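Asker: Got a structure for you, questions after.
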Amino acid sequence: MPIEIKTGDITKERVCAIVNAANSSCMGGGGVDGAIHRAGGPTILKACKEVRRTKYPDGLPTGEAVATTAGDLPAKYVIHTVGPVWGRCGDRCDELLANAYRNSLKEAVKLGCESVAFPAISTGIYGFPAERAAKIAYRTVREFLREHSGLTVVFVFHSESSRRIFESSIAPISNP
Ligand code: AR6
Numbered sequence: 003m004p005i006e007i008k009t010g011d012i013t014k015e016r017v018c019a020i021v022n023a024a025n026s027s028c029m030g031g032g033g034v035d036g037a038i039h040r041a042g043g044p045t046i047l048k049a050c051k052e053v054r055r056t057k058y059p060d061g062l063p064t065g066e067a068v069a070t071t072a073g074d075l076p077a078k079y080v081i082h083t084v085g086p087v088w089g090r091c092g093d094r095c096d097e098l099l100a101n102a103y104r105n106s107l108k109e110a111v112k113l114g115c116e117s118v119a120f121p122a123i124s125t126g127i128y129g130f131p132a133e134r135a136a137k138i139a140y141r142t143v144r145e146f147l148r149e150h151s152g153l154t155v156v157f158v159f160h161s162e163s164s165r166r167i168f169e170s171s172i173a174p175i176s177n178p
């Protein structure tokens, strides 16, 4: 399975597209979103404003994804998605998180990308339990890759400890 798991700063990834754990305003924020806008420069925000004006005047709904330029980043594109806010997603938390991954992957394919890097969507400010999010992320990506050969997915964790939590959470469901 073309899946890589690493620790690092996603803004440094030399992949076709990096995914941003954004909010529905798409106007930037803290966490990985803030890091991407800071490192990528103002053209990302400019593109996001255009997306809001033309495609999503009411904001990007939870679970949806939209691509923009990556500005000054080594990646070509940023795919902005909105994960669910834990505690505010009722009985749809798992489904909405899976949608965020799947719709981001679909955007990557539409862009003709062969590589895409993900942060741990929703597991920071949005408070989604990391172990549960790991299983959903891994299952959704694995299922998508079965139908889309030629795509490599990189999971990028900001700390060794979050990478370890991911790896131990998926161990029971990953193939040897
Ligand atoms: N590279 C990789 N991972 C990172 C980086 C980085 N440079 N920086 C942080 N992370 P979060 P969310 C990890 O909070 O929970 C923003 O304000 C971080 O350690 O960025 O989906 C948005 O605008 C965590 O494991 O995203 C939204 O309002 C993971 O990325 C809200 O936060 C996701 O944490 C979205 O919250």
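When the letters of the sequence shown are read in order and numbered with my numbering, they come out as residues 3 to 178. Where is the CB? At the ideal position from N, CA and C, for every residue including glycine. Given the structure is predicted, the values throughout are model-derived calculations rather than measurements.
(1) Would you check if the stretch 29-47 and the stretch 129-136 touch, i.e. whether three or more CB-CB distances between them fall below 8 Å?
(2) Hey, would you say L99 sits closer than 9 Å to L153, going by beta carbons?
(3) In whole angstroms, what is the alpha-carbon distance linking G32 and I127?
(4) What is the DSSP secondary structure of Y140, reduced to helix, strand or coil?
(5) For the stretch 163-174 and the stretch 20-30, state whether three or more C-beta atom pairs, one from each stretch, are separated by less than 8 Å.
(6) Alpha carbon to alpha carbon, how far is E15 from P44?
(7) Taking just the CA atoms, how far does I46 sit from A266?
Answerer: This is what the structure holds:
(1) No: the two stretches stay apart, fewer than three of their Cβ pairs being nearer than 8 Å.
(2) Their beta carbons are not under 9 Å apart, which means L99 does not touch L153 by this criterion.
(3) When rounded, the separation of the alpha-carbon atoms in G32 and I127 is 8 Å.
(4) If DSSP states are grouped into helix, strand and coil, Y140 belongs with the helices.
(5) Contact between the stretch 163-174 and the stretch 20-30 is absent, because fewer than three Cβ pairs lie under 8 Å.
(6) Rounded to whole angstroms, E15 to P44 spans 19 Å at the Cα level.
(7) Lying before the first or after the last residue shown, residue 266 is absent from the chain, which here runs from 3 to 178.
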